[in-house]
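Sequences listed follow chains A and B, in order.
Here the first sequence stands for residues 201 to 562, where the numbers follow our numbering.
Here the second sequence stands for residues 9 to 650, where the numbers follow our numbering.
Backbone N, C-alpha and C fix where the C-beta goes; we use that ideal spot for every residue, glycine too.
Treat the numbers as computed from the prediction; the structure is a model and nothing was measured.
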Amino acid sequence: MWTRAFNSTNLTKPVFRLDPITARKFSRFRTIRRGFWSFILLTGLIGFALLAELFINNRALLVRYDGSYYLPTYGQNIPGTTFGLDYDYDTNYRELKKQFQEEESDNFVILPMVPYGPFESASKPGMYPPHPPDFSERHFMGTDGIGRDVFARLIYGFRIAILFSLLLLACNYGIGVILGCVMGYWGGTFDLLLQRVIEVWSNVPFLYVVIIISSIVIPNFFMLAVIMVAFGWMSMTWYMRTATYKEREREYVLAARALGASDLRIILGHILPNTISVIVTFIPFSVSGGIVALTSLDYLGFGLPPPTPSWGELIQQGMDDLQHQWIIASVVSAMVVVLTMVTFIGEAIREAFDPKQYTTYQ
Amino acid sequence: MVALDHSHEARNDGPDERERILAISGLTVSFDTGANRRVIAVNDVDITIRSGEAVAIVGESGCGKSTLALSILRLLDKRVSTTTGRIEFDGEDLATCSARRIRSIRARGISMIFQDPLSSLNPYMTVGAQIEEPLRRHLGLSRQHARQRTAELLESVGIDDAAARARSYPHAFSGGMRQRAMIAAALSCDPRLLIADEPTTALDVTVQAQVLRLIKQQLDHRRMSLVLITHDLGVVAGLCDRVIVMYAGQVVEEAAAVDIFQRPAHPYTRALLKSIPRLDGPREEALYSISGHPPDLTSMPQRECTFAPRCDVSVPSCRSQSPPLRRDRSGRRHRCLFAFESADHGVVPASAETSERIPPPHHEHVQPQKTILRIRDVRVQFHDDRFFPIGRRSVTNAVDGVDLDIYQGEILGLVGESGCGKSTLARAIVRLIRPQSGSVVYHDDELDLSRRTELRRLRRDVQFIFQDPYTCLNPRFQAWDIIAEPLINYRIADRAKARERACEYMQAVGLDPKLRHRYPHEFSGGQRQRIGIARAMVVQPRVILCDEPVSSLDVSIQAQILNLLLELKRRHDLTLLLISHDLAVVRHVSDRVAIMSQGRILECTETERLFTAGPQSAYGRTLLASVPIPDPGVARRQLACG
């Protein structure tokens, strides 16, 4: 058909290229140092929390006993009898380590950095908890009112909070983005009705609902998430609806229709990628919102049931017992640090994704 | 006319003795575009404007003409731009004077009119208040006086019932009236110099003619100088005494208007003049087009002529040295090594004829013609949506019962002003807008377009090219995915195959397939329009509806795209509906012309007949008379008699 022959070399080879608009936004994000370093630190912290068992645990990392090696960190309890002790419940590795050292044999125990679990009350003879921070005992932030290590509970609490928050984010955004897009794209009566429904729904007092539910049943992780998603998806629909309205009027959408694209393809393939900056900008603020929400519920006692490690529960303890400042001090500083970092990231993303960075006129 | 006549005498007598009002010397403006990249938008420019003189600065987009204008008034953002050089206004250096002083000069010494009257008036203030503001601030008039003066000003720019109109908001004004109001505001403090940045580009031809006439009147009445910045040489011809042509941030030629049009010296000026389709020129030939596109100003060649890569008459020595700006005895300047020699050989140098030429479009009439698309009684109404359907809804008839036959293999031009319903009609044909009534017969089949399959069949065979190549391509798609999209939508090919085909078509429309991974914003306007054309061509349609395909492009690129469309049409036996507001373009390429106004087709005749016998309708005659002609003599008569 074409007179000029076309040499099709390398056509099948897929070439991945980050679309340059996004690439430029990322490189701009990298230049905002405060946000970028917060991002690195927070990612590291989340990684640390996810692998917390390797660093903060009452189980040993590695045990050598009579020529064989044991890795008790993950997996089933190893009963004390395995190591020649006189009990068949979970081994106390701190005791085991002392015992091995006294025996001066080839056997040894490698304990994690903080050899306490989040649920375990370590009692000290002759003293009532809470115990103040003690580096020799490796209670870096002391213990709480029933002798549990505060640092362990902080990290495990953070893990739950951040996972909860991310789950919340995914669900809220999933529902909010889809409904918002649909509202914006089809508009008209459908949009009008759904808007009113959302307005009514967002006026239902969330806290009362949670109080009522948790007075009937004790909520677990997923139930709490479902309740919070049910009341949290609305805000995203507003932003997505407006963004979709704006994109829908642009000519490339008209062009796509003229070229026979289906509605689904227009929404998913054309409009959604162009509204992604709206979504991304809100993510960090939603994450911090999720953490704060869970912490407040726990503080009020309507959150996850005890003995789940949680920041809210720690704040409550600390507030009740202000003489032992280390409890309240550690949890408040942890919250300040994490939330500040998340906010820095959010600010940096917002700035990096801001289309109006430069103007030519003064 | 006093000032203008004066200037003619002065030019003939050698150096001009009149007072210099603006003297720009060695002006260089560069923009910091991040990552150690600098764009030199204006490169060592010297310009002198004398009192009472009208000077045009002409060039294609990106040549630095608007930047130059903004830098005169120090309106550029200092954080991203650097300006060096002297700008002397009335003996005062604007580059170094205080911010307070420059504000007073902006109001009383130099005024500016911007391109878009829609966005340069504040929608939340009445038109009157926006004109009163500078009057009270800078001239210290009382509220009463300012109001009175505003009414006088509005009246003088031709707004009837001015006192009442001053109290309305910009949205109640039409585009032409807004531009008139802007002119009134600019003239309010009696400036000595008016800078008009593309004042009529956003306006319709008939309105453009009125606004140009108004500017001309004001120039004659006041002792004011004008700097007219435009890409349209037709606009320049009637209004200006002197023309400065810019290319890639440099002045390439400066001469009296008559000389520019009749004896252009620089090859770029000559090429520019030749690539404009003209109402008074010969019709039966392909448009001349300047090959390539303007240079990237970040990688400005220092050791060669910036125009050399696109120049028809360049020789090896053009590549080895940057030509200086030379001045001859009459004060004429140009930046070309050979300009004066070649200028004597007439307008077209011989070698130019060999540049990328294609045979002229076929205008021989193949009788009898078969109708490929028969459109009957198309009506599109817009009504304002109200939540409570109480009372009468106001209805606008955008397309008001149009019948149109498009013959197989022809190019049908559809002309009319903005808002006449021509785009709406085209969109209604393929149901991008749902018409209230109307039928489409395609190839003798009456199609029931409410049925999905039939609509899909029509949309596949009748493709669309959009006006604005900046918005009609999805910014997140790579070029080949944009072109491949219809193939995937119509399930003609799978992704890999579609992309391969997309590359073939990139080649066919003159794009290097190596650029296939680029995103729309990495292409120039002309290249983007080529992508749009490739996307329309890839499903091998029978008819293409082109909605103002060249109106947002520069003159030289416009010619390239028109020639490409003609070539594709010839090769693939296509039928084109060419929507345009530009009669000259339509005259040049189409076989028949339909004139549309207020939702109706007024007449539909063969092009030859329309332009020899003249339009039948009164509106058609006005339209034809308003087209600016790039010839100072004709244009001046046109402006004077209207």
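In chain B, what lies closer than 7 Å to Ala458 of chain A by C-beta?
Val438, Leu440, Arg467, Phe472
Using a Cβ-Cβ cutoff of less than 6 Å, which residues in the same chain neighbour Leu102 of chain B once the five nearest sequence positions on both sides are dropped?
Ile95
Measure the Cβ-Cβ separation of Thr510 of chain A and Leu369 of chain A and say whether it is below 9 Å.
Residue identity differs from the one stated: residue 510 of chain A is Ser in this sequence, not Thr. No, Cβ-Cβ distance for Ser510 of chain A and Leu369 of chain A is not below 9 Å.
Taking C-beta to C-beta, are Val386 of chain B and Leu433 of chain B nearer than 9 Å?
yes
Looking at the unbroken alpha helix (DSSP H) that takes in Leu359 of chain A, where does it start and where does it end?
Correcting the residue identity first, residue 359 of chain A is Arg in this sequence and not Leu. 350–386 is the span of the alpha helix (DSSP H), which, as asked, contains Arg359 of chain A.
Residues in the region 49–71 of chain B with C-beta within 7 Å of chain A's C-beta atoms, listed in sequence order?
none
Taking Cβ positions, are Arg439 of chain B and Leu457 of chain B nearer each other than 9 Å?
yes
Pick from B:Arg595, B:Met545, B:His589: whose alpha carbon is nearest that of Leu573 of chain B?
B:Met545
Secondary structure at Leu30 of chain B, three-state DSSP: helix, strand or coil?
strand
For Met535 of chain A, count neighbouring C-beta atoms within 10 Å of its own C-beta (all shown protein chains included) and say buried if the count is 16 or more, exposed if not.
buried
Within 10 angstroms of the Cβ of Val50 of chain B, are there 16 or more other Cβ atoms? Answer buried if so, exposed if not.
buried
Nearest-angstrom Cα separation, counted from Ser625 of chain B out to Glu61 of chain B
39 Å
Could you give the distance in angstroms between the alpha-carbon of Phe472 of chain B and the alpha-carbon of Ala455 of chain A?
8 Å
Between B:His589, B:Arg644, B:Asp169, which lies nearest to Gly628 of chain B when the distance is taken from Cα to Cα?
B:His589
Express the C-alpha separation of Arg396 of chain A and Gly376 of chain A in angstroms, rounding to a whole number.
15 Å
How close, in whole Å, do the beta carbons of Pro207 of chain B and Ile118 of chain B come, if the pair is a contact with beta carbons under 8 Å?
No, Pro207 of chain B and Ile118 of chain B are not in contact; Cβ-Cβ is about 15 Å, not under 8 Å.
Distance between Arg87 of chain B and Met434 of chain A (C-alpha atoms, nearest Å):
40 Å
Run down chain A in chain order and give the residues with a C-beta less than 7 Å from the C-beta of Asp267 of chain B.
Residues of chain A passing the Cβ test: none, with the nearest at roughly 34 Å.
Could you confirm whether any beta carbon from chain A is found closer than 9 Å to the beta carbon of Arg484 of chain B?
yes
Are any of the Cβ atoms in chain B nearer than 9 Å to that of Arg233 of chain A?
no
Determine, using beta carbons only, whether Glu451 of chain A comes closer than 9 Å to chain B.
yes
Under the rule that 16 or more other beta-carbon atoms within 10 Å means buried, what is Val323 of chain B, buried or exposed?
exposed
Since Arg58 of chain B and Arg26 of chain B should fall inside the 8 Å C-beta cutoff, what is the C-beta to C-beta distance between them, to a whole number of angstroms?
4 Å
Buried or exposed for Gln646 of chain B, please, with buried defined as at least 16 other CB atoms from any protein chain shown within 10 angstroms of its CB.
buried
Please say whether Met541 of chain A and Leu262 of chain A have beta carbons closer to each other than 9 Å?
no
Across the region 246–260 of chain B and the region 68–78 of chain B, are there enough close Cβ pairs to call them in contact, namely three or more that are closer than 8 Å?
yes
Using a beta-carbon distance below 9 Å, is Ala461 of chain A in contact with chain B?
yes
Quick check on His451 of chain B: does DSSP put it in helix, strand or coil?
coil
Could you tell me which residues DSSP pairs with Gln471 of chain B in its beta bridges?
B:Ile552
Asp240 of chain B: which of B:Ser564, B:Glu140, B:Ile55 sits nearest, CA to CA?
B:Ser564
Could you tell me the alpha carbon to alpha carbon distance between Glu418 of chain B and Leu618 of chain B, rounded to whole angstroms?
16 Å
Compute the Euclidean distance between the alpha carbons of Ile298 of chain B and Val321 of chain B, then round it to the nearest angstrom.
12 Å
Going by C-alpha distance, which of A:Tyr274, A:Pro279, A:Tyr265, A:Ile232 is nearest Ala252 of chain A?
A:Tyr274
Rounded C-alpha distance that separates Gly427 of chain B from Arg465 of chain B
29 Å
Run of the alpha helix (DSSP H) containing Met190 of chain B, from where it starts to where it stops
183–195
Which residues does DSSP list as the beta-bridge partners of Thr613 of chain B?
B:Val601
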